Amino acid sequence: MQMKQYLGIDVGGTFIKYGVMDAQYRIRSKGEVPTPLKSMDQLLDSFASIYRSCGEPIAGVGISFTATMDASNDGYCFGGALDQYTEGKKVLPLFQSLFALPTAVENDGNCFAMGELASGELKDCEHGVVVGLGTGIAGGIVINRRIYRGKWSCAAEFSYMLTNMDRKEAWHEINGANGLLREIRLLKQRPDLDGKHFFAYARQGDADAVRILDAYTSRLTVQLYNLQCVLAPDKIVIGGGISRDPLLMESLYRNLHEFYETHRGLPQANVVKSSLGNDANLIGAVYNLRENN
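Residue numbers for the sequence shown follow our numbering, so the first one is 2 and each next one is one higher.
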């Protein structure tokens, strides 16, 4: 008897990642294609091409999507990297019609959290939080092993949390990619400098890069502490592109230790790096599909 296979699709602002996996969330094959930026028709064409490339029967499709999304309202989208053609649209019926298979869609932060629930760092936890460090700050909240969505499915939109009293600075501005790279690009006069080059500078002991990284993880520490104060999770899982370099977590752990030495009201938060890496959203998208179909 052939085991069921599922297609996971993770739509980001730059690439669409996809993977075919079994019911134990073991990924058998995966790939990526550029994300269409102009129209929904182009996106659907990309989905169709991905589906044709699978080469084996698929039991269902789980989709992680870069948008603030009301999953209870047929995937109604507002905001996100593709709002030029998704704003105000209910995307789930479009995807269901395309695949003619059981299909589910959820925003990327919640899929990250569900991936960790399925086979990652939250697998044995009752309560948890995930924080994805990328262009913005993806978030997901798990309470009693279920995603907490809140009204309009707007819970865990961490990017928009304000960080100062003048009401102008959001979390994504200080701990998204620009928060890490903005100053170093000016100092090195390299507007195209990316995270890989930044960490290369830091690894070489460049004084500016070392200082900027320490300031970045110091700001991150304060926000993680705030999440702990409100949610008291078993774990806070860090993921996203910025977290891939080991220097990020080394600097973060150092700042966490120093912070809790002077803020003794709570035990130190259990902050860990995602063990699933880029696969977390794919696995979470399929987990969401299987939980709701």
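Glycine included, each C-beta is placed from N, C-alpha and C at the ideal position.
As the structure is a prediction and not an experimental result, all values here were calculated from the model.
* To do: Taking Val272 as the reference, give the member of Val238, Ala101, Ala286 and Gly266 with the closest Cα.
  => Val238
* Asked: According to the neighbour-count rule (16 or more other Cβ atoms, all chains shown, within 10 Å of its Cβ), is Thr15 buried or exposed?
  -> exposed
* Within the segment 111-167, ranges of the alpha helix (DSSP H) (whole runs, at least 4 residues) -> none
* Inter-residue spacing [alpha-carbon to alpha-carbon] between Ala270 and Leu221 -> 13 Å
* **First and last residue of the uninterrupted alpha helix (DSSP H) at Ala286** => Ala281 to Asn293
* To do: State the DSSP-derived secondary structure class of Met2, mapped to helix, strand or coil.
  => Note that Met2 scores a pLDDT of 49, beneath 50, so its modelled location is shaky; the value from the coordinates is reported in the next line. Met2 falls in the coil class under three-state DSSP.
* **8 Å CB neighbourhood of Glu170 in its chain, flanking five on each side removed** => Leu163 and Thr164
* Could you give the distance in angstroms between the alpha-carbon of Gly32 and the alpha-carbon of Val62? -> 15 Å
* Three-state secondary structure (DSSP) of Cys78 -> strand
* May I ask which residues mark the beginning and end of the beta strand (DSSP E) holding Lys31? => Ile28 to Pro35
* Three-state class that DSSP yields for Leu93 in the structure shown -> helix
* the segment 276-293 touching the segment 103-120, judged by at least three CB pairs closer than 8 Å -> yes
* As assigned by DSSP and simplified to three states, the class of Thr218 -> helix
* Asked: For Glu122, which residues of its own chain have a beta-carbon under 7 Å away from its beta-carbon, when the five flanking residues on both sides are left out?
  -> Lys236, Val238, Val273, Ser275 and Ser276
* **Spatially closest choice to Leu8 from Leu44, Val34 and Cys55, by CA coordinates** => Cys55
* Asked: For Met2, which residues from the same chain have a beta carbon less than 8 Å from its beta carbon, with the 5 sequence-adjacent residues on both sides left out?
  -> Below a pLDDT of 50, predicted positions are generally treated as unreliable, and Met2, at 49, falls in that range; the measurement from the model is reported next regardless. So no residue of the chain qualifies.
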